[in-house]
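One structure is given here, and the rest of the page talks about it.
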Amino acid sequence: MSIAKTYTPADVEAKWYQRWQEQGFFKAKANPRKQPYSVVIPPPNVTGVLHMGHMLNNTIQDVLVRRARMQGKEACWVPGTDHASIATEAKVVALLKEKGIDKKDLTREQFLAHAWEWKEKYGGIILEQLKKLGASCDWDRTRFTMEPELTDAVLRVFVDLHQKGLIYRGIRMVNWDPQGGTALSDEEVIPKDTMAKMYHLRYEVVSDSLPVVSEQNNTDNQQLTTNNYLTVATSRPETIMADVAVAVNPNDPRYTHLHGAKVRIPLLGREIPVILDEYVSIDFGTGALKVTPAHDLNDYELGLKHNLPVIDILNNDGTLNEKAVLYVGQDRFAARRTIVKDLEAAGHLDKVEEYASIVQTSERTGAVIEPRLSLQWFLKMEHLAKPALAAVESDEIRLHPPKFKNMYRVWMENVRDWCISRQLWWGQRIPAYYLPDGTFVVALSADEALLLAREQSGNAELQLTDLRQDEDVLDTWFSSWLWPISVFDGFKDPDNADVNYFYPTNDLVTAPEILFFWVARMIMAGLEYRKQVPFRNVYLTGIVRDAQGRKMSKSLGNSPDPLDLIAQYGADGVRAGMLFSSPAGNDLMFDIKLVEQGRNFTNKLWNAFRLTQGWEVDATLPFANEKAVAWFAAKLQAAQQELDEHFDKFRMSDALMTVYKLVWDDFCSFYLEMVKPAYQAPIDAETLRHTTGFLETLLKLLHPFMPFITEEIWHELTQRGPKEYVCVAAWPKAQPAAGAADLIARMAKALDIVAGVRNVRNQKGLGPNKPLTLAAKTDDAALLQDYDGVIRKLAALTEITVVDAAPAASVGFVSGGAEFFVPLEGQIDLGAEKERLEKEVGYARGFRDSVLKKLSNEKFVANAKPDVLERERQKLADAEAKITALEQGLAAL
RNA sequence: GGGAGAUUAGCUCAGCUGGUUCAGAGCAUCUGCCUUACAAGCAGAGGGUCACUGGUUCGAACCCAGUAUCUCCCA
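With this note's numbering applied, the first sequence has no gaps in its numbers, which climb one by one up to 1038 at the end.
Encoded structure:
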């Protein structure tokens, strides 16, 4: 049988994924005899396609889940998607537009029919893509946030929270997209740097409003108010009609004389007060700020503080309404151009300045966002936030890395009420029903609402047609925050076996950007509805950036297509590549080289397997590799222990690197080279048995990271039973063996000697196989005896002898306090050799002196811990020995 | 403007309560090798004033203060 020289993932990945599914390995069900391990996927947007962020995030989840499965836990990874109101609705609107259909011409029902059709057709592509990555989700459990059961959960929770008095309607400043006709969340708003104009407008000071001029402000330092004008800087002159005050800083000496005064809005003539507030920054603009509560968030808050009225001059579509009095019906930008001309004509325009500013635009429509007051539904947060904060503070839930705890705390301590309504159709419609008198009732269904409405109004004649359901839908997060409970049907049936068994889930893997929007809210919902946190650990991944540190985005075109990557490098290579450089919470600087490294690693493993497969066994041969086998067994134990520690700390990169080095360096470069028989020579049965066993253990340790290749080799290695897959093999347990540390240390010394010889070969330009001999001047002859075979094989030596003095014409090196010589007749440059030794001895003396200095410091000797002192004395002794050896070597030259 | 975190090799990062081998890894670099498992490889080597300035200490990458730069969060 000949095995391909390079591993080709495309040949095997689909096969194994299918087999795993056929075997039902990913299916999980409540099983009291096993320990549960559950993870809910952060539901990707149903309209989405796989991007690099998903790759990273889901690779990490899969590693955790696969390891748990191998550890014998009932591993349950619940997949699914969310309905992403705004993104999906925007996509459907765009699609309809292409077909020549305008959303405005459709009824709600018609539009939703289109949306569902679209969802059925394209939704879930992303889940299929996850399978290519190897994600071991229990696909039978796939959920969607807008499916009937989950919608039911959302409505129940809304009704419940309303009954508890936690949901209310209120006015709030929202990001209004005049083109899309909806409010947007902060995440859907993109700030754009632009050059804007700052218009300096003269507001006439109402003369009889001025207080008596006092001694201190009668000087003429008030240029800004010359001729009884107060100059205000604004970038939005069209909003002056909505002004309700002009604010100045009370500490601004330029305006002291205006305290308590009134000014007149240009063109309009309405009088408004000058108010004082330290919020106004003295250096910005003219230091006088027009206050327009309806059209600016900060102004709104200023207005609340100073009890000012609110004048909203804008319609939903961005045109001016009749409250503006002037320019009614004009678009906000058209009105701006007109008013600037009129202001100038009337002599109110002092000057125009350019300045760099940031304009908020809609992610979906590109329109400039209008801060706008509107009536929205809110959820009170204080009651929910307190226990959710405590859960993280007490480490009941651990954030990885823990630096996010600070952020979490700050946010939870300053939490604001959650605006849960969205002016969209795609989503769960708010179950509030308005009565003809304008009051409303909240109920799970229209029928229930009618009963309530009759009761509330005292009007038994009320009919369904008299009720009008709220037009808005709920924020998508209002579905997602229930996810860890709702996927196990914990609202419909709070005591079902699944939810009781799998909730709380164990680990959550997600991005720090949604720590507040999602993670915190899930904690709140979990505590509110199940009195238990939804998960124990939250692993926060970083953002995947390109090598230049730019965020990967479609518009930049700097993101590789994940599926192309998988096709090219194999899912295992890509998974490893993603993990090589992704410490928790740090951004991942993605570089194709990382994926290459991952691919190379799969190939390395493949070739190790190839080597062992090529061996012929000779049963008559004695066991020839006891030292190598004992050493690697010890090494394996140590690595397993280290690996488990990394996993426990959620250090995924380090975990992978541990196995990577174990396989590449220890197993391939050292172990296999030690036991490898000469070309076409047979191997003894005992060595082969151990080697195959080691390889199996390595496959198990690697499986969570590289599921496909490990399964392939697992089956190629030997005949397997029908259920015998590495996917469900028992995770190797680290069993600390007595004397393991000593075995490892002794072999390290032997390998250091090997490296010394190889270095000599390199320096002298000798080939790797030129037969050499080695002479050693050492106190530890036992080491050379014990590891004679290993050293001779790896260093290609014919003989190792112990000597009392350096042989003539040889190159020396020092290893572990002993001196070694490679006799090289006729190839020695005495001068160079002397120079090298002198350099080395000088270095050693310097080191000895620094240790000596430490030890002769009385305070050090008095204060240092005994073990530290002991170490220093040992260092001194070693250094002395080395110096002596080197000096003798020099003398011998 | 307020808050949090960071700054260690060319790059990405480790470095646990200050003291093991005068600071580690992977990648990259350099040198030599197509040595019948692997050139997607093998062997070896070089590379750091631990951002800067002070302080505490017998001893500082680590603790403290200040400075600089960067990132994120909130406004």
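A virtual CB, placed ideally from N, CA and C, is assigned to each residue, including glycine. Here the structure is a predicted model, which is why all the values come from computation and not from measurement.
- Message: Could you check whether Gly279 and Pro852 sit closer than 8 Å to each other, using their CB atoms as the reference points?
- Response: Here residue 852 refers to the residue found at position 707 when the first sequence is read from its first residue. Here residue 279 refers to the residue found at position 134 when the first sequence is read from its first residue. A contact, by the Cβ cut-off of 8 Å.
- First through last residue of the beta strand (DSSP E) which encompasses Ile417: As a first step, residue 417 is located in the first sequence; it is residue number 272 there, counting from the start. DSSP places Ile417 inside the beta strand (DSSP E), whose first and last residues are Glu416 to Leu421.
- DSSP three-state assignment for Lys1010, whether helix, strand or coil: To locate residue 1010, count along the first sequence from 1; it is residue 865. Correct three-state label for Lys1010: coil.
- Query: Short check: CB of Lys868 to CB of Gln168, under 8 Å?
  - Reply: Here residue 868 refers to the residue found at position 723 when the first sequence is read from its first residue. Here residue 168 refers to the residue found at position 23 when the first sequence is read from its first residue. Their beta carbons are under 8 Å apart, which means Lys868 touches Gln168 by this criterion.
- Own chain, CB closer than 6 Å to Gln274, minus 5 neighbours either side, in chain order: Locating residue 274 in the first sequence gives position 129, counting from the first residue. Close CB contacts of Gln274 within its chain, under the 6 Å cut and outside five residues either way in sequence, are with Leu195 (chain order).
- Sub-8 Å separation of Val560 and Ala530 beta-carbons: Here residue 560 refers to the residue found at position 415 of the first sequence. Here residue 530 refers to the residue found at position 385 of the first sequence. Against a cut-off of 8 Å, the Cβ pair of Ala530 and Val560 comes out as a contact.
- Below 8 Å between beta carbons: does that hold for Leu471 and Met343? In the first sequence, residue 471 corresponds to position 326, counting from 1. In the first sequence, residue 343 corresponds to position 198, counting from 1. No, Cβ-Cβ distance for Leu471 and Met343 is not below 8 Å.
- Taking DSSP as the reference, what is the three-state secondary structure of Gly603? Here residue 603 corresponds to residue number 458 of the first sequence, with the count starting at 1. Coil at Gly603, not helix or strand.
- Item | Run of the beta strand (DSSP E) containing Met1042, from where it starts to where it stops | Summary: the structure shown does not reach residue 1042, with the chain confined to residues 146 through 1038, and so no result is reported for it.
- Considering only the beta carbon of each residue, do Glu423 and Asn394 sit closer than 8 Å? Counted from its first residue, the first sequence places residue 423 at position 278. Counted from its first residue, the first sequence places residue 394 at position 249. For Glu423 and Asn394, yes; Cβs fall inside 8 Å.
- Query: In chain order, which continuous runs of the beta strand (DSSP E) of length 3 or greater are located wholly inside the region 280-362?
  - Reply: 312-322, 327-329 and 334-350
- If you drop the 5 nearest sequence neighbours on each side, which residues of the same chain put their C-beta closer than 7 Å to that of Ala232? Counting from one through the first sequence, the residue named residue 232 turns up at place 87. Correct list, in chain order: Asn190 and Thr192.
- Uninterrupted beta strand (DSSP E) stretches inside the region 851-935 (no shorter than 3 residues): 917-922
- Item | Host alpha helix (DSSP H) of Trp222 (start-end) | Counted from its first residue, the first sequence places residue 222 at position 77. Segment Glu219 to Val223 is the beta strand (DSSP E) holding Trp222; no alpha helix (DSSP H) there.
- Out of Leu589, Phe585 and Gln614, which has the shortest C-alpha to C-alpha gap to Glu600? Here residue 600 refers to the residue found at position 455 when the first sequence is read from its first residue. Taking only the C-alpha atoms, the option nearest Glu600 is Phe585.
- Between the CA atoms of Leu619 and Leu569 - distance to the nearest angstrom: As a working note, residue 569 is residue 424 in the first sequence. As a working note, residue 619 is residue 474 in the first sequence. One C-alpha to the other measures close to 9 Å.
- Item | Ile630 versus Ile565: straight-line alpha-carbon distance, rounded | Residue 630 sits at position 485 when you count from the first residue of the first sequence. Residue 565 sits at position 420 when you count from the first residue of the first sequence. Ile630 and Ile565: Cα-Cα distance of roughly 19 Å.
- So who's on the other strand from Ala390, going by DSSP bridges? Position 245 of the first sequence, counted from the first residue, corresponds to residue 390. Val436, per the DSSP bridge assignment.
- Pull up the DSSP beta-bridge partners for Pro516, would you. Residue 516 sits at position 371 when you count from the first residue of the first sequence. DSSP, once it has assigned bridges, lists Asn320 as partnering Pro516.
- Give the DSSP bridge partners of Met797, in chain order. Reading the first sequence from its first residue, position 652 is the one you call residue 797. Met797 pairs with nothing; no bridge assigned.
- Item | Neighbourhood of Ala159 by C-beta distance below 7 Å, restricted to the same chain and skipping five residues each side | Locating residue 159 in the first sequence gives position 14, counting from the first residue. Once the five neighbours on either side are set aside, Ala159 has no close Cβ partner at all.
- In the structure shown, what three-state DSSP assignment does Pro968 receive? In the first sequence, residue 968 corresponds to position 823, counting from 1. Three-state DSSP puts Pro968 in a strand.
- Cβ of Val237 within 8 Å of Cβ of Gln573? On the first sequence, position 92 is the one that residue 237 refers to. On the first sequence, position 428 is the one that residue 573 refers to. No, these two residues do not count as a Cβ contact at 8 Å.
- Give the DSSP bridge partners of Gly957, in chain order. Position 812 of the first sequence holds residue 957. Bridge partners of Gly957: Phe966.
- Query: Does the beta-carbon distance from Arg681 to Asp617 come in below 8 Å?
  - Reply: In the first sequence, residue 681 corresponds to position 536, counting from 1. In the first sequence, residue 617 corresponds to position 472, counting from 1. No; because the gap between Cβ atoms is not below 8 Å, this pair is not in contact.
- Using 10 angstroms around the beta-carbon of Lys218, count the other beta-carbons present and answer buried if the total reaches 16, otherwise exposed. In the first sequence, the residue the question calls residue 218 occupies position 73. The residue is buried, with at least 16 neighbouring Cβ atoms inside 10 Å.
- Task: Report the rounded CA-to-CA distance for Leu285 versus Val654, giving the unit in angstroms.
- Result: Position 140 of the first sequence, counted from the first residue, corresponds to residue 285. Position 509 of the first sequence, counted from the first residue, corresponds to residue 654. First, the residue type needs correcting, since residue 285 is Asp and not Leu in the sequence shown. One C-alpha to the other measures close to 21 Å.
- Any idea if Ser147 is buried or exposed, counting beta-carbon neighbours within 10 angstroms, 16 or more meaning buried? The residue labelled residue 147 in the question sits at position 2 within the first sequence. Exposed is the call here.
- Please say whether Val537 and Lys550 have beta carbons closer to each other than 8 Å? Mapped onto the first sequence, residue 550 falls at position 405. Mapped onto the first sequence, residue 537 falls at position 392. In contact: Lys550 and Val537 (Cβ atoms closer than 8 Å).
- Message: Since Ile270 and Pro224 should fall inside the 8 Å C-beta cutoff, what is the C-beta to C-beta distance between them, to a whole number of angstroms?
- Response: For this step, residue 270 is matched to residue 125 along the first sequence. For this step, residue 224 is matched to residue 79 along the first sequence. That pair is no contact at about 13 Å.
- Query: Pro181 lies in the beta strand (DSSP E); which residues open and close that run?
  - Reply: Counting from one through the first sequence, the residue named residue 181 turns up at place 36. First-last of the beta strand (DSSP E) with Pro181: Pro181 to Val185.
- Helix, strand or coil at His545 [DSSP, three-state]: Position 400 of the first sequence, counting from 1, holds the residue named residue 545. Here His545 sits in strand by DSSP.
- Message: Let me make sure I understand the geometry here. Which of Glu508, Asn443 and Ala721 has the alpha-carbon closest to that of Ser798?
- Response: Stepping through the first sequence from its first residue, residue 798 is reached at position 653. The residue with the shortest Cα to Cα distance from Ser798 is Ala721.
- Paired residues, beta bridge with Met734 - DSSP: By 1-based counting over the first sequence, the position of residue 734 is 589. Answer is Arg690.
- Message: Starting from Phe478, trace the alpha helix (DSSP H) in both directions and tell me its first and last residue.
- Response: As a position in the first sequence, residue 478 is number 333, starting the count at 1. DSSP places Phe478 inside the alpha helix (DSSP H), whose first and last residues are Arg477 to Ala490.
- Can you have a look at Glu673 and say buried or exposed, based on whether 16 or more other CB atoms are within 10 angstroms of its CB? Position 528 of the first sequence, counted from the start, is the residue given in the question as residue 673. So Glu673 ends up on the buried side.
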